[in-house]
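In what follows, a single structure is set out as structure tokens and then discussed.
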């Protein structure tokens, strides 16, 4: 086991980098909403930047894409593409960051479990307990939410459902992280380009603001997170990686307090604790196998994979 410190250190670094990039994605969405940046411009940065970099990859992977059943291709393109972005970005205009950063990544394993149940698959008692904690977190957040943000919460719940479809699509398609990112970014950009050419670049925001959004949305969320997440899964396995991903609501909420001045109440902290605990249980991170390299861990179907 002398090889563990080197290989697994890189995996942990990639997983933690993914958490930071996901947190930055939520913060940039909220900052864009506060600056009244048009969703069209944000969407073009989110998908246009990685599409420009991944266009050669998309072209070379055409045969692999055609081999994927149409329903899973649609799940990938819609689940992480424009419909997902619209729900997440619109929700940030209606609710705080701590709501979106908790509900979207936190509810994905619940939606995945429900979708798999509808497809005839079941889960064990430990995962059911984790999903119960996640559902409890949702109820706590909705019950104690400030008046008028319920519509934003519905947007986040819908975005989580789409991301769950994306998760299942990637899982069932067998596509790698870069291929999946290309399948999302390139078609989304092809849809956006005619609109931008017809309407022109949306007004609003400074050059510095748009540059920061391009870095966080395009390079960070669109490309960097996909690479880091895929590397972490290869080194640590899906179970441990998804458990580390449950830190996203905590990190994003803490950064929102520091950078955007949001205030977290006791119900918010209770919700975050329930979500983190629920995701870790639902991902079944336990036992000595967690100490083994991913290639030696038993095969699983983690809720976030």
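Numbering (this note's numbering), first residue to last: 7 to 311. Beta carbons are placed, not taken as given, at the ideal position from N, Cα and C, and that holds for glycine. Quick caveat, the model's predicted, so the values are computed rather than measured.
- Query: So is residue 173 buried or exposed if we call it buried at 16+ other beta carbons inside 10 Å?
  - Reply: buried
- Task: Look at the Cβ atom of residue 231, then the Cβ atom of residue 20, and state whether they are nearer than 8 Å.
- Result: Annotated as distal: residue 231 and residue 20, with beta-carbon spacing of 8 Å or more.
- Which of the three DSSP states, helix, strand or coil, is assigned to residue 274? helix
- For the putative contact between residue 186 and residue 110, defined by C-beta atoms under 8 Å, what is the C-beta separation to the nearest angstrom? About 18 Å; that fails the 8 Å criterion.
- Query: If you draw a straight line from the alpha carbon of residue 43 to that of residue 132, how long is it in whole angstroms?
  - Reply: 43 Å
- Please classify residue 88: does DSSP put it in a helix, a strand, or coil? helix
- Using a Cβ-Cβ cut-off of 7 Å (strictly less than) and excluding sequence neighbours within five positions of residue 183, which residues of its own chain qualify? 232, 233, 235 and 236
- Query: For the alpha helix (DSSP H) that contains residue 147, what are its first and last residues?
  - Reply: 131-149
- Message: Would you call the segment 218-231 in contact with the segment 24-43, where contact means no fewer than 3 C-beta pairs closer than 8 Å?
- Response: yes
- Item | Exposure of residue 62, with buried meaning 16 or more beta-carbon neighbours within 10 Å | exposed
- Item | 7 Å Cβ shell around residue 141 - same chain, five flanking residues per side excluded | Once the five neighbours on either side are set aside, the close Cβ partners of residue 141 are 116.
- Query: Among 266, 275 and 281, which residue has its Cα nearest to the Cα of residue 40?
  - Reply: 266
- Looking at C-beta atoms only, is the number of pairs between the segment 117-125 and the segment 165-172 that lie closer than 8 Å three or more? yes
- Candidates 171, 273 and 276: which alpha carbon is nearest residue 125's? 171
- Message: I need the straight-line Cα distance from residue 179 to residue 71, nearest angstrom please.
- Response: One C-alpha to the other measures close to 9 Å.
- Task: Measure the C-alpha to C-alpha separation of residue 274 and residue 50 and round it to an integer number of angstroms.
- Result: 32 Å
- Return the first residue and the last residue of the alpha helix (DSSP H) that residue 116 is part of. 103-124
- Segment limits, alpha helix (DSSP H) that includes residue 215: Start and end: 213-219.
- Message: Does residue 78 come out as helix, strand or coil in the three-state DSSP assignment?
- Response: helix
- Message: Using a Cβ-Cβ cutoff of less than 6 Å, which residues in the same chain neighbour residue 99 once the five nearest sequence positions on both sides are dropped?
- Response: 39
- Message: Restricting to Cα atoms, I'd like to know which of 147, 158, 157 and 191 is closest to residue 272.
- Response: With distances taken between Cα atoms, residue 272 lies closest to 147.
- Message: Measuring straight from C-alpha to C-alpha, what distance separates residue 214 and residue 101?
- Response: 25 Å
- Query: Under the three-state reduction of DSSP, which class applies to residue 40: helix, strand or coil?
  - Reply: helix
- Message: Short of 6 Å in beta carbon distance, which residues of its chain neighbour residue 69, apart from the five on each side in sequence? Order them along the chain.
- Response: Within the same chain, residue 69 has no close Cβ partners at all.
- Can you tell me whether DSSP reads residue 100 as helix, strand or coil? coil
- Do residue 139 and residue 287 have their CB atoms nearer than 8 Å? yes
- Item | residue 258 to residue 160 span [Cα, whole Å] | 19 Å
- C-alpha gap between residue 306 and residue 264, whole angstroms: Residue confidence is low: residue 306 scores 36 on pLDDT, short of 50, so the model does not pin down where it sits. Its coordinate-derived value is still stated next. Whole-angstrom Cα-Cα distance: 38 Å.
- Item | Distance between residue 176 and residue 77 (C-alpha atoms, nearest Å) | 11 Å
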